[in-house]
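*Asks:* Numbering (the UniProt record's numbering), first residue to last: 1 to 348. Got a structure for you, questions after.
Written as structure tokens, this is what we have:
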């Protein structure tokens, strides 16, 4: 069996010095090489299937070649696509990924971040942020490259990647109104979490002229959505459509409707927010707002690597990348009862 290729082999194949290859590998220190030279080295690495030793790189560069990612809840099906996309980007850049889940607890979130800092991560992607900016000032003071993913805290000088959550709720309501709904309910969640607050604001703005629009605030899990649905549907007159702060809660809304012997969408229309995989399964068909988790994760990781490599030096000018939300139409929404076939469901 042939031995593993070394940095000397890469240098020889690329026709450059070992020092030049070392500079290429240690981009975390701000080293750079000319574009033509970079391509020669990248071609050599690919042809030789060369994999640098992360421990050796850490010792020589002062970099751990590790990125920390903190998410709010590892059980939430919104996060797998985000985590996978962050991992793909950072590993392609030669870094390892450490994952932490805060369980939506501010104290736990801070503990995880402090632990990652102690492990000398080169940067952080934060997709949790349960507390406010004051809780994270210690990270900002360290000067550690940090990007917020699916969360935004304008008070902190960090790059941010988000979906427009206000606009997302607005297009959800517009869809329901276009179908003819005026009695629309919103099952919201913790308003101290910025995405939930923005979605509430979007709903309120889009229903400001609807006197029968109602809201309820619960937790963010499936059972919370079920309970919130029961609360709203017990009202008189009953809402004909419900919008949920996330898809997991909307799945709970489907359960509640089944418990009440109400047909979705013919008795009640339901629309979620996030576009998790489960919502697209046959028999569920959840109309929702796409939060583009994979895109958010990939873009956040790319921006973080740019900061680490010194490709973006103006720390006083954080980048805000906001993508418009997109409505995903499925089978859980329809015109309100009474507006079609005497309210008896679809024509046959």
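Ideal placement from N, C-alpha and C gives every residue a C-beta, glycine not left out.
For the pair the segment 283-298 and the segment 231-242, tell me if three or more CB-CB distances fall below 8 Å.
*Replies:* Cβ pair count under 8 Å is below three, so no.
*Asks:* Of the choices 231, 234, 219, 174, whose alpha-carbon is the least far from that of residue 208?
*Replies:* What you label residue 208 is simply residue 208 of the chain shown in a count that begins at 1. Among 231, 234, 219, 174, the Cα nearest to that of residue 208 belongs to 174.
*Asks:* Nearest-angstrom Cα distance between residue 285 and residue 276?
*Replies:* Along the chain shown, one-based indexing puts residue 285 at 285. Along the chain shown, one-based indexing puts residue 276 at 276. Roughly 11 Å between the two C-alpha positions.
*Asks:* Quick one: what's got a C-beta closer than 7 Å to residue 334's C-beta in the same chain, skipping five residues either side?
*Replies:* Looking up residue 334 in the chain shown gives position 334. Excluding positions up to five away in sequence, the list reads 179, 265, 266, 269.
*Asks:* With DSSP as the reference, label residue 338 as helix, strand or coil.
*Replies:* Sequence index remark: in the chain shown, residue 338 carries index 338 (1-based). Looking at residue 338 - three-state DSSP - the assignment turns out to be coil, as it is neither helix nor strand.
*Asks:* Suppose contacts are defined by Cβ-Cβ distances below 7 Å. Is residue 145 in contact with residue 299 by that definition?
*Replies:* As a working note, residue 145 is residue 145 in the chain shown. As a working note, residue 299 is residue 299 in the chain shown. No; because the gap between Cβ atoms is not below 7 Å, this pair is not in contact.
*Asks:* Per DSSP, which residues does residue 243 bridge with? Please list them.
*Replies:* Here residue 243 refers to the residue found at position 243 of the chain shown. DSSP, once it has assigned bridges, lists 186, 271 as partnering residue 243.
*Asks:* Is it right to say residue 118 is buried, meaning 16 or more other beta carbons lie within 10 angstroms of its own, or is it exposed?
*Replies:* As a position in the chain shown, residue 118 is number 118, starting the count at 1. Residue 118 comes out exposed.
*Asks:* DSSP state of residue 322, grouped into three classes?
*Replies:* In the chain shown, counting from the first residue as 1, residue 322 sits at position 322. Strand.
*Asks:* From residue 176 to residue 327, what distance separates their C-alpha atoms?
*Replies:* The residue labelled residue 176 in the question sits at position 176 within the chain shown. The residue labelled residue 327 in the question sits at position 327 within the chain shown. Answer to the nearest angstrom: the Cα atoms are 11 Å apart.
*Asks:* With distances taken Cα to Cα, identify the nearest neighbour of residue 256 among 234, 246, 245, 274.
*Replies:* One-based indexing of the chain shown puts residue 256 at position 256. Taking only the C-alpha atoms, the option nearest residue 256 is 234.
*Asks:* How is residue 312 classed by DSSP in three states: helix, strand or coil?
*Replies:* The residue labelled residue 312 in the question sits at position 312 within the chain shown. Residue 312: coil per DSSP, three-state reduction.
*Asks:* Taking 7 Å as the limit between beta carbons, can you name the residues of its chain near residue 110, skipping five residues before and five after?
*Replies:* Residue mapping note: residue 110 aligns to position 110 of the chain shown, counting from 1. For residue 110, where only same-chain residues beyond five positions count, the Cβ hits under 7 Å are 135.
*Asks:* Which of the three DSSP states is assigned to residue 214 in this structure?
*Replies:* Translated into positions along the chain shown, residue 214 becomes position 214. Residue state, collapsed to three classes: strand.
*Asks:* Who are the near neighbours of residue 274 in its chain, counting only those whose CB is closer than 6 Å to its CB and skipping five residues on each side?
*Replies:* Indexing the chain shown from 1 puts residue 274 at position 274. Only 78, 246, 247, 291 meet the Cβ criterion.
*Asks:* Identify whether residue 137 lies in helix, strand or coil by the three-state DSSP scheme.
*Replies:* Within the chain shown, the letter at position 137 stands for residue 137. Three-state DSSP puts residue 137 in a helix.
*Asks:* Could you check if residue 74 is buried or exposed, using at least 16 other CB atoms within 10 Å of its CB as the buried criterion?
*Replies:* For the purposes of this step, residue 74 is taken as the residue at position 74 of the chain shown. Exposed is the call here.
*Asks:* What does the Cβ neighbour count give for residue 69, buried or exposed, with the cut at 16 atoms within 10 Å?
*Replies:* Residue numbering aside, residue 69 sits at position 69 when the chain shown is read from its first letter. Buried.
*Asks:* Find out if the Cβ-Cβ distance for the pair residue 97, residue 71 is shorter than 7 Å.
*Replies:* Residue mapping note: residue 97 aligns to position 97 of the chain shown, counting from 1. Residue mapping note: residue 71 aligns to position 71 of the chain shown, counting from 1. No. Outside cutoff.
*Asks:* Within this structure, are the beta carbons of residue 159 and residue 147 separated by less than 7 Å?
*Replies:* For the purposes of this step, residue 159 is taken as residue 159 along the chain shown, with counting starting at 1. For the purposes of this step, residue 147 is taken as residue 147 along the chain shown, with counting starting at 1. Their beta carbons are under 7 Å apart, which means residue 159 touches residue 147 by this criterion.
*Asks:* From the DSSP secondary-structure annotation, give me the bridge partner or partners of residue 8.
*Replies:* The sequence position of residue 8 within the chain shown is 8, counting from 1. Beta-bridge pairing links residue 8 to no other residue.
*Asks:* What's the gap between the Cα of residue 128 and the Cα of residue 150?
*Replies:* Here the question's residue 128 lines up with position 128 in the chain shown. Here the question's residue 150 lines up with position 150 in the chain shown. Going by the C-alpha atoms only, they are around 8 Å apart.
*Asks:* Could you tell me which of 76, 201, 217, 87 sits nearest to residue 295, measuring between CA atoms?
*Replies:* Here residue 295 refers to the residue found at position 295 of the chain shown. Ranking 76, 201, 217, 87 by Cα distance to residue 295 puts 87 first.
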